[in-house]
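Engineer:
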Amino acid sequence: MNLLDKPPDDAQIARIAELSAEGEQCVIGDRAIYLLLTPSILDSAFAILFQKMKLTLTARNWNTMNKLGELAAQTEV
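Right under this line is the structure:
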């Protein structure tokens, strides 16, 4: 899961959507890009593209996001 600092613009969405790599799937949300990667993130075509596009994002795996959600739910505001 890649969390973006702002929603991607139409050109960025088109560029990401046209990328098709075997063993990789991508869903673009408002301020998140969800990836299902069979190979390592280090070898991912999406990771390489995101670097070239200079997207401001932070990437976390699904287990980490679930743990962060649990911790946030326990926090009193």
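Positions in the sequence shown are counted from 1; adding 63 to them yields the numbering used here. Each residue gets a CB set at the ideal place from its N, CA and C atoms; glycine is no exception.
(1) At what residues does the alpha helix (DSSP H) containing E133 begin and finish?
(2) Rounded to whole angstroms, what's the CA-CA distance from I96 to L67? Just pull it up for me.
(3) For a test of the three-state rule: what should DSSP assign to E87, helix, strand or coil?
(4) Quick one: what's A77 bridged to in DSSP?
(5) Check this for me: beta carbons of N129 and L98, under 8 angstroms apart or not?
Structural biologist: Reading it off the structure:
(1) 125–137
(2) 8 angstroms
(3) strand
(4) Answer is none; A77 lacks a bridge partner.
(5) In this structure, N129 sits away from L98, with a CB-CB distance that is not shorter than 8 angstroms.
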